[in-house]
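Residue numbers (my numbering): 6 to 392. Glycine included, every Cβ here is placed at the ideal spot set by N, Cα and C. See structure below.
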Amino acid sequence: MLGSTPLAALIRERLHHQGPVPFPWFMQQALYHPDLGYYTSTRLRIGREGDYYTNVSVGPLYGQLLGSQVLEMWKTLGSPSQFTIVEEGAEDAVLAVDILSAIREESIEAAECIRYIILEPIPGKQLRQQARFEPALLAKVKWLRGLADLEAVNGAFISNELVDAMPVHLVVYRDDRWSELLVGISGEDFCFVPGKVGSPALAQALDKLPLPVFSPYTTEVNLAALRWIQSVSTKLERGFVLIVDYGFPRAEYYKPERTGGTLSCYSRHRRSYNPLERPGEIDISAHVDFTALAEAAAEAALQVAGYTDQHHFMVGAAESRLLALEKTVETEGSAHARAAFLGPYRTLMHPGNMGMAFKFLLLTKGIDTHSQLTGFKYSSDPWKSLT
Numbered sequence: 006m007l008g009s010t011p012l013a014a015l016i017r018e019r020l021h022h023q024g025p026v027p028f029p030w031f032m033q034q035a036l037y038h039p040d041l042g043y044y045t046s047t048r049l050r051i052g053r054e055g056d057y058y059t060n061v062s063v064g065p066l067y068g069q070l071l072g073s074q075v076l077e078m079w080k081t082l083g084s085p086s087q088f089t090i091v092e093e094g095a096e097d098a099v100l101a102v103d104i105l106s107a108i109r110e111e112s113i114e115a116a117e118c119i120r121y122i123i124l125e126p127i128p129g130k131q132l133r134q135q136a137r138f139e140p141a142l143l144a145k146v147k148w149l150r151g152l153a154d155l156e157a158v159n160g161a162f163i164s165n166e167l168v169d170a171m172p173v174h175l176v177v178y179r180d181d182r183w184s185e186l187l188v189g190i191s192g193e194d195f196c197f198v199p200g201k202v203g204s205p206a207l208a209q210a211l212d213k214l215p216l217p218v219f220s221p222y223t224t225e226v227n228l229a230a231l232r233w234i235q236s237v238s239t240k241l242e243r244g245f246v247l248i249v250d251y252g253f254p255r256a257e258y259y260k261p262e263r264t265g266g267t268l269s270c271y272s273r274h275r276r277s278y279n280p281l282e283r284p285g286e287i288d289i290s291a292h293v294d295f296t297a298l299a300e301a302a303a304e305a306a307l308q309v310a311g312y313t314d315q316h317h318f319m320v321g322a323a324e325s326r327l328l329a330l331e332k333t334v335e336t337e338g339s340a341h342a343r344a345a346f347l348g349p350y351r352t353l354m355h356p357g358n359m360g361m362a363f364k365f366l367l368l369t370k371g372i373d374t375h376s377q378l379t380g381f382k383y384s385s386d387p388w389k390s391l392t
């Protein structure tokens with residue numbers, strides 16, 4: 006029996022009484038059920054002993070470079086006395102610690118002006134995150150349950166591998182039309198059941214996709230991400246939104262040969278493709294359609310200020326630090342600091358490692374469009390890359 010988990014029993018009971026459900030509901034339960042969801046459990050998810058690696062797994066350098074970008078944002082806003090960083094989906098809060106530590110090291114003045122808000126609805130997870138911070142940093146951090154509890158923000162939203170974990174609609178193109186895949190029951194196992202496209206919003210999103218060349222063609226549509234970016238915009242008074250995730254522009258995401266979509270499952274560093282198996286015990290994610298996200302941002306009064314891959318982002322963001330390290334080697338004759346930097350840096354930026362897997366999307370509100378972060382120094386025009 007594929008769905009033999011405590012959560013599977015609850016979902017199965019729901020399906021027995023109400024029939025097939027849209028996949029976003031199933032994915033929401035599998036990942037975020039308050040007691041039995043994958044992300045609400047205490048299991049170790051990140052790193053060698055977990056289920057997958059992330060940029061944060063490489064070490065503090067990733068957070069340090071993001072911290073430098075936040076400093077640039079703060080200066081772009083005129084070095085205000087109050088600058089708020091908001092992170093949703095902070096997981097174990099390691100990135101927050103790395104960012105705040107880097108800012109404190111680079112600029113005491115900026116560190117005194119910055120506060121950090123983590124959006125986390127699970128009380129137990131809030132406590133585990135709080136335990137990560139030393140007292141001086143903890144005093145800078147506040148926890149809220151979600152966007153609805155947030156007041157107007159002048160500062161920056163940071164989204165690090167959040168959007169890929171939002172529940173998606175699964176659709177299939179067959180016999181010259183789109184159908185939505187629902188989750189039903191076959192015996193004691195979960196199964197996919199084709200149904201009509203369930204909402205006008207989904208139908209509108211499908212109208213923007215290129216018609217598949219091959220049939221059947223299964224893929225994903227992330228309507229939750231579009232709603233999320235609209236909500237973020239309503240909370241951002243002036244500042245930045247930095248979204249980091251794996252994904253593609255629309256044309257590459259929905260290219261003809263990608264007939265199975267991008268939905269993937271991870272457990273103990275093993276990748277599988279059956280999201281109906283062991284709900285609550287495996288990670289489920291889908292790549293991000295950055296074109297759809299950028300279009301939704303533009304409709305929500307946000308400016309699309311930058312889009313690039315991690316390779317080019319790291320080259321630009323780390324350039325001044327690399328030059329400083331080279332100068333240190335020349336003046337002090339010690340290459341230790343440079344070597345310690347280059348190891349994780351190469352992992353993050355090398356095209357054969359993480360450099361081409363992750364993309365960076367920068368959105369702004371109330372900012373001079375000519376203001377550019379160094380991380381996007383080597384990027385092309387974002388709309389040319391996205392369309």
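So is N279 buried or exposed if we call it buried at 16+ other beta carbons inside 10 Å?
exposed
Between the C-alpha atoms of T5 and I127, what's the straight-line distance to the nearest angstrom?
Outside the shown range of the chain (6 to 392) lies residue 5, about which nothing can therefore be said.
What distance in whole Å lies between the Cβ atoms of P199 and L216, which are believed to be in contact at a cut-off of 8 Å?
At roughly 18 Å, the Cβ-Cβ gap does not stay under 8 Å, so L216 and P199 are not in contact.
Between Q69 and Y37, what straight-line distance do the alpha-carbon atoms span, to the nearest angstrom?
29 Å
Closer than 7 Å by C-beta to T81: which residues in its own chain qualify, once you throw out the five before and the five after it? Chain order, please.
I372, S376
Where does Y67 fall in DSSP's three states?
helix
Taking the beta strand (DSSP E) that F88 belongs to, which residues open and close that run?
88-93
Expected contact under 8 Å - CB spacing of L368 and A310 to nearest Å
6 Å
Residue interval of the alpha helix (DSSP H) (run including A206):
205-212
How should E125 be labelled, buried or exposed, when 16 other C-beta atoms within 10 angstroms of its C-beta is the threshold for buried?
buried
Throw me the rounded Cβ distance for the F245 and A299 pair, which I believe falls under 8 Å.
The pair is not a contact, with the Cβ atoms about 15 Å apart (cut-off 8 Å).
Tell whether a beta-carbon distance below 9 Å holds between V177 and L366.
no
Pick helix, strand or coil for K382, following the three-state DSSP scheme.
coil
Quick check: L167 and G285, are their CB atoms within less than 9 Å of each other?
no
Q308 - partner residues in DSSP beta bridges
T369
Range of the contiguous beta strand (DSSP E) that encloses P140
Careful: P140 lies outside any beta strand (DSSP E), inside the alpha helix (DSSP H) at 140-143.
Span of the beta strand (DSSP E) around K260
Where K260 is concerned, there is no enclosing beta strand (DSSP E), given that its DSSP letter is neither H nor E.
Do I123 and I76 have their beta-carbon atoms positioned less than 9 Å apart in this structure?
Here the sequence assigns Leu to residue 76, which means Ile is not the residue at that position. Cβ distance not < 9 Å, so L76 and I123 don't count as in contact.
Note down the Cα distance separating V218 from K201, rounded to an integer number of angstroms.
21 Å
What's the C-alpha gap between I163 and E92?
5 Å
Is there contact here, the segment 53-62 with the segment 130-140, by at least three beta-carbon pairs under 8 Å?
no
Environment of T352 [buried if 16+ CB atoms lie within 10 Å]
buried
Just to confirm the assignment: which complete alpha helix (DSSP H) runs, minimum length 4, are found wholly within the segment 139-185?
140-143
Counted within 10 angstroms of its Cβ, other Cβ atoms place I113 as buried (16 or more) or exposed:
exposed
Are the CB atoms of P172 and Q33 nearer to each other than 9 Å?
yes
Do K370 and Q315 have their C-beta atoms within less than 9 Å of each other?
no
Quick one: using the 10 Å Cβ neighbour count with 16 as the cut-off for buried, is S204 buried or exposed?
exposed
On a CA-only basis, which of F31, S9, D386 is nearest G189? Give me that one, please.
F31
Around the Cβ of K364, are there at least 16 other Cβ atoms within 10 angstroms (buried) or fewer (exposed)?
buried
In or out: H22 buried (at least 16 other Cβ within 10 Å) or exposed?
exposed
Can you tell which of T267, K240, L41 has its C-alpha closest to the C-alpha of F253?
T267
By DSSP, does V249 sit in helix, in strand, or in coil?
strand
Could you round the C-beta distance between P349 and L66 to whole angstroms and report it? I think they count as a contact, below 8 Å.
4 Å
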